[in-house]
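Structure record follows, encoded as structure tokens.
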Amino acid sequence: MKKIEAIIQPFKLEEVKEALKQVGLDGMTVSEVRGHGRQQGHKEVYRGHEYNVDYLPKIKLEIVLPDNRLEETVRALSGAARTGKLGDGKIFVFPVEEAIRIRNNDRGEGAL
Amino acid sequence: MMDRLEQIREQFLSTADGWAAVHARADAVDQVVAPRFESAFGSGAASGVALLAVGGYGRRQLFPCSDVDLLFLFERTASAEASRDSIAGFLRDLWDQGLRASHSVRTPSECAALAANNIELHISLLDRRLLTGDQALFQRLTERLTGFYSRERDTLLRGLAGLIRDRHAKFGDTIYHLEPHVKDAPGGLRDFHAACWLAQLAGGPAATPEQYWPEDSRGAPLEARRFLFALRCHLHYFNDRDNNILTFDHQERLAASTDPALWMRDYFRHARAIHHLAQRLVDETATPPHSLLTLFRDRQSRLSNADFAVTRGRLYLRRPETLETDPGLVLRVFEFVARHGVPLSPETERRIAGTAPAFRVHLDRARRVELDLWPSLAAILRLPHAYRALDAMRRTGLLATLLPEFQIIDCLVVRDFYHRYTVDEHSLRAIQTLQDLAGSADPLTARFAALLAETERPEVLFFALLLHDVGKGASAAEHVAASLDLAGPAMDRLQMPETDRETVRFLIRHHLEMSATMTQRDLADPAAVEAFAARVATIERLGKLTLMTYADIAAVNPDALTPWRKDLLWQLYVAAHNHLTRQMEADRVAAAQVPPQLGSTEAERRAIARFLDGVPTRYLRTHAPEQILEHFRLEETFRRNSVAIAVSRRQEFYELVVLASDRPFLFASIAGTLSSFAMNILKAEAFSNRAGMILDTFVFADPGRSFELNPTEIERFRVALDRVILGKLDVRDLLRRRPAPPAQRRPRLLPQISFDNQTSAHDTIFHVIAPDRPGLLYDLASTFSFQQCDIDVVLIDTEAYKAIDVFYVTCAGQKLETDQAELLCAELHQACCGAD
Chain A
20 MKKIEAIIQP
30 FKLEEVKEAL
40 KQVGLDGMTV
50 SEVRGHGRQQ
60 GHKEVYRGHE
70 YNVDYLPKIK
80 LEIVLPDNRL
90 EETVRALSGA
100 ARTGKLGDGK
110 IFVFPVEEAI
120 RIRNNDRGEG
130 AL
Chain B
476 MMDRLEQIRE
486 QFLSTADGWA
496 AVHARADAVD
506 QVVAPRFESA
516 FGSGAASGVA
526 LLAVGGYGRR
536 QLFPCSDVDL
546 LFLFERTASA
556 EASRDSIAGF
566 LRDLWDQGLR
576 ASHSVRTPSE
586 CAALAANNIE
596 LHISLLDRRL
606 LTGDQALFQR
616 LTERLTGFYS
626 RERDTLLRGL
636 AGLIRDRHAK
646 FGDTIYHLEP
656 HVKDAPGGLR
666 DFHAACWLAQ
676 LAGGPAATPE
686 QYWPEDSRGA
696 PLEARRFLFA
706 LRCHLHYFND
716 RDNNILTFDH
726 QERLAASTDP
736 ALWMRDYFRH
746 ARAIHHLAQR
756 LVDETATPPH
766 SLLTLFRDRQ
776 SRLSNADFAV
786 TRGRLYLRRP
796 ETLETDPGLV
806 LRVFEFVARH
816 GVPLSPETER
826 RIAGTAPAFR
836 VHLDRARRVE
846 LDLWPSLAAI
856 LRLPHAYRAL
866 DAMRRTGLLA
876 TLLPEFQIID
886 CLVVRDFYHR
896 YTVDEHSLRA
906 IQTLQDLAGS
916 ADPLTARFAA
926 LLAETERPEV
936 LFFALLLHDV
946 GKGASAAEHV
956 AASLDLAGPA
966 MDRLQMPETD
976 RETVRFLIRH
986 HLEMSATMTQ
996 RDLADPAAVE
1006 AFAARVATIE
1016 RLGKLTLMTY
1026 ADIAAVNPDA
1036 LTPWRKDLLW
1046 QLYVAAHNHL
1056 TRQMEADRVA
1066 AAQVPPQLGS
1076 TEAERRAIAR
1086 FLDGVPTRYL
1096 RTHAPEQILE
1106 HFRLEETFRR
1116 NSVAIAVSRR
1126 QEFYELVVLA
1136 SDRPFLFASI
1146 AGTLSSFAMN
1156 ILKAEAFSNR
1166 AGMILDTFVF
1176 ADPGRSFELN
1186 PTEIERFRVA
1196 LDRVILGKLD
1206 VRDLLRRRPA
1216 PPAQRRPRLL
1226 PQISFDNQTS
1236 AHDTIFHVIA
1246 PDRPGLLYDL
1256 ASTFSFQQCD
1266 IDVVLIDTEA
1276 YKAIDVFYVT
1286 CAGQKLETDQ
1296 AELLCAELHQ
1306 ACCGAD
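Protein sequences appear in the order of chains A and B. Note that the first sequence ends on residue 131 in my numbering; no numbers are left out. Note that the second sequence ends on residue 1311 in my numbering; no numbers are left out.
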């Protein structure tokens, strides 16, 4: 099993959700996060004042899935989240040791 | 035992009599508990221990799945220690009988020693009942407690009031939850019992809360008690555990064939009666004799005037009978609440609720004689405690009388995963959210607070918030359109000015748009920002829509407006603000853009098109058609006299419109003339058309009230301005005669001057932030004129003591060179410091 953590632009959430649904993935955890990568923050000018926008609002998606679903999911996710500009985000993939459904103690991929 | 409990259940399901069911369960449990205790400890005095029922069980009110609260009373701690095993065995026995007991072991001295951090213990002992055991020991406890309650009465009353306040705060201080907790939420059963305890503490064991309730309305809390007892029994039987949340599913089930939303209104009516009862008891009994609160209330009592008395922090009418003869008093009451935040006394609230019919007649009469109701409502909305006033108006039914449109969302439950409150509560909370912005220490929130502080006519925004969701009462699916349909007649009845109505319509129509744009559009994409900015059209509307969005999200539930969302909202605001500011001077009106509703004949339309030719398009967006027509009509005077001046009063401010032929120093001269009459310029805008006619508008305050107290002064000003514009009088002479402004103590603010040659295609933009002072605008504008610069567009704004001015400037029709702009910055800086 693998865990995908993806940081994407907030306005891409609906598109990404739709793309994941197309490849048969419904379950995910969504969080509102703030941060920056190479995009860095930027300076915004308001009424002649400059102020720093250090951390930009982003969305973090977390998905755990069987190994054999990984490639198509990453393809769907990155395809939907891409604008081609700086700030599109990142996808991280981690190995997952175990999954347990709390309700009935199902384990492994059956618990996903 | 089980059979008996099943019988009680069946009886309840057929009669829905919760009061009978809880008493029957308590009796049934008595039958189980007492014999088992006696077999474990012996009976009567021989046992050396008394078994007490406390809390709900002590009151003989045991809900189907509630715990059985027991207290083992021993004479001495040592005997309690020795009985540990017997107690454990006894409790196991009860568990085997299916009874969940929670117990405590105490001596009479422990019960009668004040435990400041365990007020709940003392409260639970108010409802003590001897089940079995040593009666003499119980008697000794009662004697000690009588002395204890009398000695510690005030401490306990204050402690209990504190517990009530803390519990209410956990529920956002409102009864209006979509899925209420029927025990702990405000207006729940706990409030009813708290009222009983307050009454007992204040008036002795036999006292009941009804004694503190007006005789003619004692039925309401008792009926509510009946309703809530039955409701909690239903929930326990259905959930088969002590779960007291009235979920959407339960609402549907209990409403049966009725509309669940209507059924919930019944719930809120009862919860309101119980909440009032508890509130009243807190007020009547738990006022500390000497405390900061008392000092504060004493100070508040100095607010009393000819109409109202403020006593113990509550507002009373001096002559309640005048409510019948002077219905205007009702609105004055709410204005007083909105100004000072003093809540109505229950007495006043009841009396005002009783005047609703008379008030309705008054409103009808006011409409017939075209009395302006809007100014009265606007005055309430503008004040710092408007939320409190609106809440009191809602409770007394006056809000529904004034705005029947609000009635359809009264206590309305619209099922929604995110919303926590009923629709009416959400709308009022949205207003409260904005009023609470001031003074926030969080830098992100402070930005929105600053935006509100500089918002013109915030009452229009608050009014839009009041009505933005009324459509949910008509059509949950298309509520925006339905809210717009309902807001129209409301604004007609209030005879609101057309410009305000337009703003309200705009805000309601677009109230969901900003929140959707910020999460669904790329804010770094200029096209997305441009499309949004085009819909908003003006900076003024943008500010109001931003605040409306902020309030609307924040009032959904306490966690909805995360810093993340605030950040996104602010980013969209800044992006749209910058977009609207930058395009300001670029677009000019062409004949084809003139709105068709301007002008009744073809000839007039042509004349208007000529008048508007070359004026920045921003002018069309910031002025209503009737204002544009007023300006157009002034043009005739301008043609005849080479100058046209109009001064009009707009509520607390004045507006000056000047049409003249452009010449150097013209803008500065007008600003200087206003300053020489000691007027305080709050806003100014300069426009010009292709024919070289300038149209300058100034909004100014008259701090010395010279125009108001002396009407000929306006004429004197007009004549002086006319002569200044025509070059017959030097504004510097006027300024020399100007009375010295009073010295003011203000926080020190250093002027900040910057220029921007990038964002505008044709102009250099100067931003000036400086401490405001009389004559500042004249000095700044003159500085540009001395450098042979033309001011194309000027935006003057004043935020508290701070002037925030933006000038779009050219020199000989071109942008300024960098060194020239830098020189100007230095001179503007000098001008800002000139008067210091």
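For glycine and all other residues, C-beta sits at the position ideal for the given N, C-alpha and C. All values derive from a computational prediction rather than experimental measurement.
Residues that residue i contacts on chain A, provided the C-beta gap is smaller than 9 Å
i: B/Arg-996; result: Phe-30
i: B/Thr-1037; result: Glu-51
Neighbour-count burial assignment, residue i, 16 or more Cβ in a 10 Å radius
i: B/Asp-1177; result: buried
i: B/Leu-1225; result: exposed
i: B/Gln-1305; result: exposed
i: B/Met-966; result: buried
i: B/Glu-1160; result: buried
i: B/Arg-628; result: exposed
i: B/Ser-554; result: exposed
i: B/Gln-1289; result: exposed
i: B/Lys-658; result: buried
i: B/Glu-1069; result: A small fix is needed here, since residue 1069 of chain B is Val in this sequence, not Glu. With 16 or more Cβ atoms within 10 Å of its Cβ, B/Val-1069 is classed as buried.
i: B/Cys-1308; result: exposed
Within chain B, partners of residue i - CB distance below 9 Å
i: A/Thr-92; result: Residues of chain B passing the Cβ test: none, with the nearest at roughly 23 Å.
Opposing strand residues paired with residue i [DSSP bridges]
i: B/Ile-1145; result: Its beta-bridge partners do not exist; DSSP assigns none.
i: B/Ala-784; result: B/Tyr-791
i: B/Met-1168; result: B/Ser-1136
i: B/Lys-1158; result: B/Val-1174
i: A/Ala-99; result: In DSSP, A/Ala-99 forms no bridge with anything.
i: B/Phe-549; result: B/Val-524
i: A/Lys-77; result: A/Val-52
i: B/Tyr-1129; result: B/Arg-1124, B/Phe-1175
i: B/Phe-1230; result: B/Phe-1241
i: B/His-985; result: Looking at the DSSP assignment, B/His-985 forms no beta bridge with any residue, so it has no partner.
i: B/Gln-1289; result: B/Cys-1286
i: B/Leu-819; result: B/Leu-790
Proximal chain B residues relative to residue i, where beta-carbon distance stays under 8 Å
i: A/Glu-33; result: Gln-995
i: A/Glu-24; result: Result: empty, since nearest Cβ-Cβ is about 17 Å, beyond 8 Å.
i: A/Gly-106; result: Ala-999
Separation of residue j from residue i, as counted between CA atoms
i: B/Leu-873; j: B/Thr-1021; result: 30 Å
i: A/Val-49; j: A/Lys-79; result: 6 Å
i: A/Asn-123; j: B/Arg-740; result: 40 Å
i: B/Val-979; j: B/Val-1004; result: 23 Å
i: B/Gly-914; j: B/Gln-482; result: 59 Å
i: B/Glu-973; j: B/Glu-799; result: 33 Å
i: B/Gly-493; j: B/Glu-810; result: 43 Å
i: B/Ala-1119; j: B/Ala-1082; result: 17 Å
i: B/Ile-749; j: B/Tyr-1094; result: 55 Å
i: B/Pro-1071; j: B/Arg-1248; result: 42 Å
i: B/Arg-1198; j: B/Thr-797; result: 54 Å
i: A/Glu-34; j: B/Ala-1035; result: 23 Å
i: B/Thr-1076; j: B/Thr-871; result: 52 Å
i: B/Glu-880; j: B/Arg-1212; result: 55 Å
i: B/Phe-1128; j: B/His-652; result: 42 Å
Interface partners of residue i on chain A, CB under 8 Å
i: B/Leu-1043; result: Pro-29, Pro-76
Per-residue contacts from residue i into chain B (C-beta, under 7 Å)
i: A/Thr-102; result: Asp-997
i: A/Gly-129; result: Those do not exist, as A/Gly-129 stays about 29 Å from chain B at its closest Cβ, beyond 7 Å.
Rounded distance between the beta-carbons of residue j and residue i, thought under 8 Å
i: B/Ile-906; j: B/Lys-947; result: Incorrect: roughly 17 Å between the Cβ atoms, too far for contact.
i: B/Leu-790; j: B/Val-817; result: 5 Å
i: B/Pro-661; j: B/Leu-721; result: Actually they do not touch by this definition, with Cβ atoms about 14 Å apart.
i: B/Leu-961; j: B/Met-1023; result: Going by Cβ atoms, the distance from B/Leu-961 to B/Met-1023 rounds to 17 Å, so no, they are not a contact pair.
Contact test: residue i Cβ vs the ligand FMN heavy atom, cutoff 7 Å
i: B/Asp-1042; result: Among the components of this structure there are no ligands whatsoever, and the ligand FMN is therefore not found.
Min CB distance residue i to chain C below 8 Å
i: B/Pro-821; result: Although the question refers to chain C, the structure presented lacks it and instead comprises the protein chains A and B.
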